[in-house]
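Before any comments, here is the structure.
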Amino acid sequence: MNNTNQRDKIITTNVRFPESQWLQVKVEAAEMGFSINQYINRIIEQSSMQKRLALTIKDNKSPAVSFWNLPKIAKKWSKRKVLEMSEEDKIIYA
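In this note's numbering, the protein residues as written are 2 to 95.
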């Protein structure tokens, strides 16, 4: 879940928002089995990933993301980095 570099410095800060939002975050995190910290970090990572994907598509002048465009996007991304199975996957699927 956490893609940040393990050597990144951890920052502790305060965030202010309405109690109703806080309670909603607590419930959603608990339903997913996450701590509030894990849940908020996951939301930030997903939001950043969506923005990077949108910028990549915009920079490439590709049409808007839709279900039907996902195979094209996946092919483009798969050419950038060779993906291999983990050792565990090799045992399971080999």
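For each residue, glycine too, the CB sits at the ideal point set by N, CA and C.
Distance from the CA of Y40 to the CA of L24, rounded to the nearest whole angstrom, comes to 13 Å. Remark: C-beta atoms of K27 and I37 approach each other more closely than 8 Å. Relative to T13, the option among I93, E20, N42 whose CA is nearest is N42.
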